[in-house]
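Down below is the structure, laid out as structure tokens.
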Amino acid sequence: MKLVILAAGYATRLYPLTLNRPKPLLPIAGKPMVDHVLASLGPIEAIDEAFVVTNKKFTEHFEDWAGSRDISDFAAPVRVVNDHSTGDDNKLGAIGDLHLVLKNRNIDDDVIVVAGDNLFSNALGEYGRLCAEKKAPVLGVYDVGGLHEATKFGVVEVDANGCILSFEEKPAAPKSTLIGIALYHYPKAVLPLIDQYIEDGNNPDQPGRLIQWLYPRMPVYTWSVPGTWYDIGSKETLEEANRIFSADQS
67 MKLVILAAGY ATRLYPLTLN RPKPLLPIAG KPMVDHVLAS LGPIEAIDEA FVVTNKKFTE
127 HFEDWAGSRD ISDFAAPVRV VNDHSTGDDN KLGAIGDLHL VLKNRNIDDD VIVVAGDNLF
187 SNALGEYGRL CAEKKAPVLG VYDVGGLHEA TKFGVVEVDA NGCILSFEEK PAAPKSTLIG
247 IALYHYPKAV LPLIDQYIED GNNPDQPGRL IQWLYPRMPV YTWSVPGTWY DIGSKETLEE
307 ANRIFSADQS
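Residue numbering for the sequence shown follows my numbering, starting at 67 and increasing by one per position.
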């Protein structure tokens, strides 16, 4: 199984913190954010290689990090893939970046995909076990606890088996408080459909769009993320995550 970490954004909302440093390398509780992402996925023993896909500006930053990172929480090798984008005008988009890694590295294996700015308070070992059991696409979901909060995200409705019934982006009237987050499993058999998605000219940005395209075509399962999930999109969430993760280590 391979892991793909999406890290090609420029995080302009966090300027000046991210002007000369990629968001996933900002420190949280004394170590780069992406180290926490890898630590959460470390218990998934099936992962034998990871790829961080980033832009031209930050490729060297990630290569320096990969060459000196602490491997105690994630022992598999980590490779850096440069998508050669230089800004929002020529970016490939999250799905485009995933497709690039699959082709550039000739991946023919099950794949887990995660955003490099998604932090989890709990380990994701059970997610890996469900992915191996289902051998189907599996979307990580999180209960935001209120319908008003859900309007800010992609809202998921599931059946009794945990399969997606509907997936609506920022609905005015959410059908549930479950939201899809940037944690995905695509089994080897589904990879040709990612090719088709791109070749058909579908929107290559916003990774949840691929799930929206897939679930009417096949069963897509969900897995509820335990504990607390942080999407680091602002200085406030960055500061909160730093405070919580620092407290957990004390």
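Glycine included, each C-beta is placed from N, C-alpha and C at the ideal position.
Start-to-end residues for the beta strand (DSSP E) that takes in residue i
| i | result |
| --- | --- |
| residue 108 | Counting along the chain, residue 108 falls outside any beta strand (DSSP E), and DSSP gives it neither H nor E. |
| residue 178 | 177 to 181 |
| residue 69 | 68 to 72 |
| residue 153 | Unbroken run through residue 153: none, as it is neither H nor E. |
| residue 210 | Here residue 210 belongs to no beta strand (DSSP E), and DSSP marks it neither H nor E. |
| residue 81 | It is not in any beta strand (DSSP E) - residue 81 carries neither H nor E in the DSSP assignment. |
| residue 290 | 287 to 290 |
Environment of residue i [buried if 16+ CB atoms lie within 10 Å]
| i | result |
| --- | --- |
| residue 284 | exposed |
| residue 218 | exposed |
| residue 235 | exposed |
| residue 262 | exposed |
| residue 83 | exposed |
| residue 86 | exposed |
| residue 68 | buried |
| residue 81 | exposed |
| residue 79 | exposed |
| residue 88 | buried |
| residue 163 | buried |
| residue 184 | buried |
Own chain partners of residue i with C-beta closer than 8 angstroms, once the 5 adjacent residues on each side are dropped
| i | result |
| --- | --- |
| residue 139 | 101, 104, 105, 108 |
| residue 72 | 119, 160, 163, 164, 179, 180, 181, 182, 248, 273 |
| residue 264 | 161, 162, 165, 270 |
In DSSP terms, what residue i is bridged to
| i | result |
| --- | --- |
| residue 145 | 117 |
| residue 190 | The partner list for residue 190 (beta bridge, DSSP) is empty, contrary to what the question assumes. |
| residue 184 | 297 |
| residue 88 | Residue 88 is not bridged to any residue. |
For residue i, the first and last residue of its enclosing alpha helix (DSSP H)
| i | result |
| --- | --- |
| residue 169 | 160 to 170 |
| residue 213 | 213 to 216 |
| residue 134 | 125 to 134 |
Contacts around residue i, its chain only, beta-carbon distance under 6 angstroms, and the 5 residues preceding and following it disregarded
| i | result |
| --- | --- |
| residue 275 | 269 |
Proximity test, Cβ basis, 8 angstroms: residue i and chain D
| i | result |
| --- | --- |
| residue 260 | Absence of chain D from the displayed structure is noted, only one protein chain being present. |
Which complete beta strand (DSSP E) runs does the stretch 221 to 277 hold, if anything under 3 residues is left out? Fully contained in the stretch 221 to 277 are the following beta strand (DSSP E) runs of length 3 or more, in chain order: 230 to 235, 244 to 252.
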